[in-house]
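Numbering (the numbering used here), first residue to last: 76 to 350.
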């Protein structure tokens, strides 16, 4: 696939990781042919992905990491994964937001990407338990000043998780007293049987409170989250109004999900339509 020769490193590594997960393992010589790059380049990419903890190098190739249901990667480890997909999802999700509404953004790297796309939406009230998301809005205000129509940001208190979310009784109590028009929720895993899940028990309870306080629930999750199950489920698919995902989601999964909720596939023609 010679068109892959000019891929950025992050895009190439996303393709490699997707191939490893989809096939259960790949060999270096297969990747060099597929990507049109040298053995040395592929080995560097595998080294980088192994350092992030998302695959395991073996002799001649790589295999997926078998993660425990309690494993919770940190924000930095997750932020380098599926960058193109997350950007597409964030762009599509931002189109669902009307000026002047009250929205909530949970923690996660996809909601962090979404926050950047919401900076130009006027008069938002943003409730978040994500330190990273709050920083996006605060940094914009420091750069441009308190411009007219800038978002009002409410950051819950709580105990900080590895993914820089604030959880626990303080966060739960703050969220329970609020009501918002729309919740944008990042997830660790999503499946028909387990619904939405996370490896962090305290985060599961905080996410339950977020779901309960929202008129509409929009999950923003790339295709690699499908079929992943964390330690604790916090919502059934029937509690979700919309899933915004990327074009990597398989056709069979799209059919299954569409039986339960509205599906928006970002980056495809008509990506704002029901699938």
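Heads up, the beta-carbon is just placed ideally off N, CA and C, and yes, glycines get one too.
For residue i, the three-state DSSP class (helix, strand or coil)
i, result
"residue 362", "Outside the displayed span of the chain (76 to 350) sits residue 362, for which this structure offers no information."
"residue 331", "helix"
"residue 177", "strand"
"residue 83", "coil"
"residue 252", "coil"
"residue 92", "helix"
"residue 337", "strand"
"residue 145", "Because the pLDDT of residue 145 is 45, which lies under 50, any placement of that residue in the model is unreliable, and the number read from its coordinates should be weighed accordingly. Here residue 145 sits in coil by DSSP."
"residue 117", "helix"
"residue 234", "strand"
"residue 152", "Legend: pLDDT at residue 152 = 47, less than 50; position of this residue unreliable, no value from coordinates given."
"residue 324", "coil"
"residue 99", "coil"
"residue 313", "helix"
"residue 303", "coil"
"residue 172", "coil"
"residue 343", "coil"
"residue 279", "helix"
"residue 247", "helix"
"residue 185", "helix"
Residue range of the alpha helix (DSSP H) that includes residue i
i, result
"residue 161", "158 to 169"
"residue 211", "206 to 219"
"residue 103", "103 to 110"
"residue 196", "Here residue 196 belongs to no alpha helix (DSSP H), and DSSP marks it neither H nor E."
"residue 137", "Careful: residue 137 lies outside any alpha helix (DSSP H), inside the beta strand (DSSP E) at 136 to 139."
"residue 222", "Segment: none, residue 222 is in no alpha helix (DSSP H) and carries neither H nor E."
"residue 62", "Because residue 62 is not part of the residues shown, which for the chain are 76 to 350, the question remains open."
Distance between beta carbons of residue j and residue i, contact taken as under 8 Å
i, j, result
"residue 288", "residue 250", "6 Å"
"residue 295", "residue 261", "6 Å"
"residue 339", "residue 167", "6 Å"
"residue 238", "residue 183", "6 Å"
"residue 89", "residue 158", "7 Å"
"residue 39", "residue 95", "There is simply no residue 39 to check, as the chain begins at 76 and stops at 350 in what is shown."
"residue 246", "residue 231", "4 Å"
"residue 368", "residue 110", "With the chain represented from 76 up to 350, any question about residue 368 goes unanswered, as that position is not in the structure."
"residue 277", "residue 243", "5 Å"
"residue 218", "residue 179", "In fact, because the Cβ distance is near 24 Å, the residues do not count as touching under 8 Å."
"residue 226", "residue 212", "5 Å"
"residue 297", "residue 270", "Incorrect: roughly 17 Å between the Cβ atoms, too far for contact."
"residue 286", "residue 258", "7 Å"
"residue 172", "residue 187", "That belief does not hold up - the Cβ atoms of residue 172 and residue 187 are roughly 15 Å apart, past 8 Å."
Boundaries (first-last residue) of the beta strand (DSSP E) holding residue i
i, result
"residue 131", "130 to 133"
"residue 317", "317 to 321"
"residue 227", "227 to 230"
Bridge-paired residues (DSSP) for residue i
i, result
"residue 272", "264 and 308"
"residue 240", "205"
"residue 258", "179 and 292"
Any non-hydrogen atom of the ligand NAP within 7 Å of residue i CB
i, result
"residue 218", "For the ligand NAP, the structure offers nothing, since it holds no ligand at all."
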